[in-house]
Amino acid sequence: MADALFLAISILTIGSAIAALEMRSLVYGSIALMGTLGGIAGFYVMLDSTFVAMFQLAVYVGSIAVLILFTVMLVKRELIFKKIEDPKRKFAGIGLMLIVILALGAIIMDSGIKTITTDSDPVDFREIGGDFLTYYWPALILMALILAGSVMGALVLARREDTVENEQ
Amino acid sequence: MSNELIEFVLVSIALLGIGIYGLSVKRNAIRMLFAVEIIVNAANLNLVAFARFMPHSGGQTLALFSIAIAAAEVAVGLALIIVAYRMYKNIDIADFRSLKG
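Going down the list, the sequences are from chains B and Z.
Heads up: the first sequence is residues 1307 to 1474, going by this note's numbering.
Heads up: the second sequence is residues 370 to 470, going by this note's numbering.
The following block contains the structure:
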């Protein structure tokens, strides 16, 4: 059975995921999204994957959440507090969510996953580092190029051309 | 290991459902990005949980790659939202009628 810590982290994660989508203010919504991402990092620690948990904290809670907060700050004030959604679609969306959760949950509960437990030791993080530098090195280089390219693309996209022309 | 695999998978399914709800109901571009992030995190949680119970290092490696790619995706997505906001003065995706430069 699930212990108290697991229940607490899952309530934090799922509750702040709902709050991130439903809160009126986008600023509080992005702070609630930080709670979801931090809760996922807590799950990684419970799964003995501290390396992935640190990566999650550094990349998601550290940089992506701050990036989202800065983007929210660039938007007009009325738009931050305005709820933009389809009222007609709301019940359809809730129904779709329930169907997905119930159907997938029924399939998973019916499968053999329920009986899987393990007593083996967790994977050592040295092994992950070794994998990165030996077997996965082409993928690592490709990922570095993708990251550099996407950051440059984001900068080029978000650049303002009109201010430079005005100064000239 | 006091927790079972099924518990982590069920939390992941709940997060997936919430993300699908957000993607289908919200029209705010930034909130749709939130929903995408929640779905990506549900997938990563599955990867790490199955890797722990296997046990094999491949799941954690794939989760690390996935986190890095998601960071790139968010950077480009937010830049696109900023450009669209500058063009249309709104973040309602129903207003983004012609996104052709």
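Just so you know, even glycine gets a beta-carbon here, dropped at the ideal spot from N, CA and C.
In this text, all values refer to a predicted model and were calculated from it rather than measured experimentally.
*Please list the partners that residue 471 of chain Z has in chain B, where partner means a Cβ-to-Cβ separation under 8 Å.*
Here chain Z covers residues 370 to 470 and nothing more, so residue 471 of chain Z does not appear.
*Can you name the residues of chain B whose CB is closer than 8 Å to the CB of residue 377 of chain Z?*
To locate residue 377 of chain Z, count along the second sequence from 1; it is residue 8. Near residue 377 of chain Z (Cβ distances below 8 Å), the residues of chain B are 1349 and 1353.
*asked:* Pairs of beta-carbons, one from the segment 1426-1434 of chain B and one from the segment 418-426 of chain Z, closer than 8 Å: are there three or more?
replied: Touching, yes.
*Touching by the beta-carbon criterion (3+ pairs, under 8 Å), the segment 437-451 of chain Z and the segment 398-410 of chain Z*: yes
*Please compile the residues from chain Z whose C-beta is within a distance smaller than 7 Å of the C-beta of residue 1310 of chain B.*
For the purposes of this step, residue 1310 of chain B is taken as the residue at position 4 of the first sequence. Among the residues of chain Z, none has a CB under 7 Å from the CB of residue 1310 of chain B; the nearest is roughly 11 Å distant.
*Nearest candidate by alpha-carbon position, reference residue 1377 of chain B, set Z:450, Z:463, Z:376 and Z:383*: On the first sequence, residue 1377 of chain B is found 71 positions in, with the first residue counted as 1. Distances from the alpha-carbon of residue 1377 of chain B to those of Z:450, Z:463, Z:376 and Z:383 put Z:450 closest.
*Classify residue 1415 of chain B as buried or exposed, calling it buried when 16 or more other Cβ atoms lie within 10 Å of its own Cβ.*
If you number the first sequence from 1, residue 1415 of chain B lands on position 109. When all chains shown are included, residue 1415 of chain B counts as exposed.
_Exposed unless 16 or more other CB atoms sit within 10 angstroms - verdict on residue 373 of chain Z_ = The residue you call residue 373 of chain Z lines up with position 4 of the second sequence. Buried, since its Cβ has 16 or more Cβ neighbours within 10 Å.
_Sequence ranges, alpha helix (DSSP H) only - wholly within the segment 1341-1387 of chain B, length at least 4_ = Counting only runs of 4 or more, we get 1356-1362, 1371-1380 and 1383-1387.
*Could you check the C-alpha separation between residue 1386 of chain B and residue 1437 of chain B for me, to the nearest Å?*
Residue 1386 of chain B sits at position 80 when you count from the first residue of the first sequence. Residue 1437 of chain B sits at position 131 when you count from the first residue of the first sequence. Approximately 44 Å, taken between the alpha carbons.
*Are any of the Cβ atoms in chain B nearer than 8 Å to that of residue 457 of chain Z?*
Counted from its first residue, the second sequence places residue 457 of chain Z at position 88. By this cut-off, residue 457 of chain Z is not an interface position.
*Would you please state the rounded distance, in angstroms, between the beta carbons of residue 438 of chain Z and residue 1452 of chain B? I believe it to be under 8 Å.*
One-based indexing of the second sequence puts residue 438 of chain Z at position 69. One-based indexing of the first sequence puts residue 1452 of chain B at position 146. Rounded to the nearest angstrom, the Cβ distance from residue 438 of chain Z to residue 1452 of chain B is 7 Å, consistent with a contact under 8 Å.
*Proximal chain B residues relative to residue 451 of chain Z, where beta-carbon distance stays under 8 Å*: Your numbering for residue 451 of chain Z matches position 82 in the second sequence. Within chain B, the residues near residue 451 of chain Z are 1377, 1380, 1463 and 1464.
*the segment 1447-1461 of chain B: positions lying closer than 7 Å to chain Z by Cβ*: 1449, 1452, 1453, 1456, 1457, 1459 and 1460
*Count the CB pairs spanning the segment 1353-1369 of chain B and the segment 1319-1337 of chain B that are closer than 8 Å, and state whether there are at least three.*
no
*Per DSSP, the bridge partner or partners of residue 397 of chain Z*: Taking the first residue of the second sequence as 1, we reach residue 397 of chain Z at position 28. DSSP, once it has assigned bridges, lists Z:461 as partnering residue 397 of chain Z.
_The alpha helix (DSSP H) enclosing residue 1395 of chain B, as first and last residue numbers_ = On the first sequence, residue 1395 of chain B is found 89 positions in, with the first residue counted as 1. Counting along the chain, the alpha helix (DSSP H) containing residue 1395 of chain B begins and ends at 1393-1416.
*With 8 Å as the limit, tell me which residues of the segment 394-420 of chain Z have their beta carbon closer than that to any beta carbon of chain B; keep them in chain order.*
394, 395, 396, 397, 399, 400, 402, 403, 404, 406, 407, 410, 413, 414, 417, 418 and 420
*Residue environment, residue 1448 of chain B, which counts as buried when at least 16 other CB atoms sit within 10 Å*: Translated into positions along the first sequence, residue 1448 of chain B becomes position 142. Answer is exposed; the Cβ neighbour count stays below 16.
*Secondary structure of residue 445 of chain Z, DSSP reduced to three states*: The sequence position of residue 445 of chain Z within the second sequence is 76, counting from 1. DSSP places residue 445 of chain Z in helix when its eight states are reduced to three.
*Do residue 386 of chain Z and residue 1406 of chain B have their C-beta atoms within less than 8 Å of each other?*
The residue given as residue 386 of chain Z occupies position 17 in the second sequence. The residue given as residue 1406 of chain B occupies position 100 in the first sequence. Pairing residue 386 of chain Z with residue 1406 of chain B gives a Cβ-Cβ distance under 8 Å.
*Does DSSP put residue 1329 of chain B in a helix, in a strand, or in coil?*
To locate residue 1329 of chain B, count along the first sequence from 1; it is residue 23. For residue 1329 of chain B, the three-state secondary structure derived from DSSP is coil.
*Below 8 Å CB to CB, which residues in the same chain sit around residue 402 of chain Z once its five sequence neighbours on both sides are set aside?*
Counted from its first residue, the second sequence places residue 402 of chain Z at position 33. The residues 443, 446, 447 and 450, in chain order, have a CB closer than 8 Å to that of residue 402 of chain Z in the same chain once the five nearest residues on each side in sequence are set aside.
_Buried or exposed for residue 1372 of chain B, going by 16 or more other Cβ atoms inside 10 Å?_
By one-based count along the first sequence, residue 1372 of chain B stands at place 66. The residue in question, residue 1372 of chain B, is exposed, as its Cβ has fewer than 16 Cβ neighbours within 10 Å.
*If I'm right that residue 1411 of chain B touches residue 379 of chain Z with Cβ under 8 Å, what's the distance once you round it to whole angstroms?*
Your numbering for residue 1411 of chain B matches position 105 in the first sequence. Your numbering for residue 379 of chain Z matches position 10 in the second sequence. Contact flag correct, Cβ pair sits at about 6 Å.
*Backbone secondary structure at residue 1429 of chain B - three-state DSSP*: As a working note, residue 1429 of chain B is residue 123 in the first sequence. Here residue 1429 of chain B sits in coil by DSSP.
*Determine the contact status of residue 436 of chain Z and residue 1349 of chain B, defining contact as a CB-CB distance below 8 Å.*
As a first step, residue 436 of chain Z must be located in the second sequence, where it is residue number 67. As a first step, residue 1349 of chain B must be located in the first sequence, where it is residue number 43. No. Outside cutoff.
*If residue 1402 of chain B and residue 393 of chain Z are in contact, beta carbons under 8 Å, what's the gap, nearest whole angstrom?*
Within the first sequence, residue 1402 of chain B is the residue found at index 96, counting from 1. Within the second sequence, residue 393 of chain Z is the residue found at index 24, counting from 1. Indeed, because the Cβ distance is near 6 Å, the residues count as touching under 8 Å.
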